Amino acid sequence: DAKTTQPTSMDCAEGRAANLPCNHSTISGNEYVYWYRQIHSQGPQYIIHGLKNNETNEMASLIITEDRKSSTLILPHATLRDTAVYYCIVRVGGSSNTGKLIFGQGTTLQVKP
Amino acid sequence: GAVVSQHPSRVICKSGTSVKIECRSLDFQATTMFWYRQFPKQSLMLMATSNEGSKATYEQGVEKDKFLINHASLTLSTLTVTSAHPEDSSFYICSARDAGNKGRDEQYFGPGTRLTVT
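Keeping their order, the protein sequence lines are chains A and B. No gaps in the numbering here: position 64 of the first sequence is 64 in this note's numbering, and each next residue is one more. Basically this note's numbering = 1-based index in the second sequence + 1000.
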């Protein structure tokens, strides 16, 4: 599975949009981009995933560049409860998917009042 | 959303003893479960893949005789840390893959188990 690069930490003001970047320049055509987050001392929580089209759900939006070498997770109106470590993971999807998620170091997002 | 539970949430044991951690999928069937370990201020490290009805697949460097995994049913996987030592103290997290949710295929994580070996 392709490796990802994320900034170590980011700050965001409460109520503003949080934009978390992820580079995955070696991504293959059959690899999906997944985002999870982990609030302190809890298990990770699924946020969103996508292949090449932009995706939106009740939690966030995922913007994937046309060449798929990078993506951005957008939390439209960050709250203090969104303070967490955010992990961008790429892995193979479809029938050849082993299901394994390999976590990198992630981005620690601090939402400030 | 789907719920995965872990028991116990915290456990303290003496060096040399064994500890069993349970991971249950409460409202879905999971043919595959995963076990992770997380040390303070570090990311999650995948330890093994637990397959219902068959032997677990361990990641490189993980001792299969020390970390025994059993996945006897579609809703339960257990991790037993045998002859625990202080260096095994960590946060152990399981995840379960919904066998009937192939369309979305996200994994659901348990809340974790904090193991302290004294």
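All residues carry an ideal CB built from backbone N, CA and C; glycine is no exception. Quantities reported herein were computed from a predicted structural model and do not represent experimental measurements.
Minimum Cβ-Cβ distance from residue i to chain B less than 8 Å
i, result
"P7 (chain A)", "no"
"Y46 (chain A)", "yes"
"G106 (chain A)", "yes"
"Q121 (chain A)", "What is shown of chain A runs 1 to 113, which leaves residue 121 (chain A) out entirely."
"L109 (chain A)", "no"
"K52 (chain A)", "no"
"G99 (chain A)", "yes"
"I102 (chain A)", "yes"
Alpha-carbon to alpha-carbon, residue j and residue i
i, j, result
"P76 (chain A)", "A60 (chain A)", "7 Å"
"L73 (chain A)", "G50 (chain A)", "11 Å"
"V1117 (chain B)", "R1010 (chain B)", "11 Å"
"P7 (chain A)", "G106 (chain A)", "7 Å"
"L1115 (chain B)", "Y86 (chain A)", "24 Å"
"H24 (chain A)", "G99 (chain A)", "19 Å"
"T65 (chain A)", "P113 (chain A)", "31 Å"
"I1012 (chain B)", "C88 (chain A)", "33 Å"
"L1068 (chain B)", "Y1058 (chain B)", "10 Å"
"F103 (chain A)", "D11 (chain A)", "21 Å"
"S9 (chain A)", "L62 (chain A)", "19 Å"
"L1046 (chain B)", "K52 (chain A)", "26 Å"
Residue i at chain A interface by Cβ criterion, 8 Å
i, result
"T1032 (chain B)", "yes"
"F1109 (chain B)", "yes"
"I1093 (chain B)", "yes"
"V1037 (chain B)", "Per the sequence shown, residue 1037 (chain B) should be read as Arg rather than Val. Chain A contact via Cβ: absent."
"S1077 (chain B)", "no"
Environment of residue i [buried if 16+ CB atoms lie within 10 Å]
i, result
"H1085 (chain B)", "exposed"
"H40 (chain A)", "exposed"
"T83 (chain A)", "buried"
"L80 (chain A)", "exposed"
"E31 (chain A)", "buried"
"P44 (chain A)", "buried"
"V1081 (chain B)", "buried"
"S1073 (chain B)", "exposed"
Residue i - containing beta strand (DSSP E), residue span
i, result
"K1014 (chain B)", "Careful: K1014 (chain B) lies outside any beta strand (DSSP E) and carries neither H nor E."
"A1072 (chain B)", "F1067 to S1073"
"D1098 (chain B)", "Counting along the chain, D1098 (chain B) falls outside any beta strand (DSSP E), and DSSP gives it neither H nor E."
"D11 (chain A)", "S9 to A13"
"G50 (chain A)", "Q45 to G50"
"T1078 (chain B)", "L1076 to V1081"
"I39 (chain A)", "Run containing I39 (chain A): none; DSSP gives neither H nor E here."
Beta-ladder partner(s) of residue i, from DSSP
i, result
"P21 (chain A)", "A:T72"
"A78 (chain A)", "Partner(s): none; A78 (chain A) has no beta bridge."
"E1022 (chain B)", "B:H1007 and B:T1078"
"T26 (chain A)", "Paired residues: none, contrary to the question."
Within chain C, partners of residue i - CB distance below 7 Å
i, result
"R1097 (chain B)", "Among the protein chains in the structure shown, which are A and B, there is no chain C."
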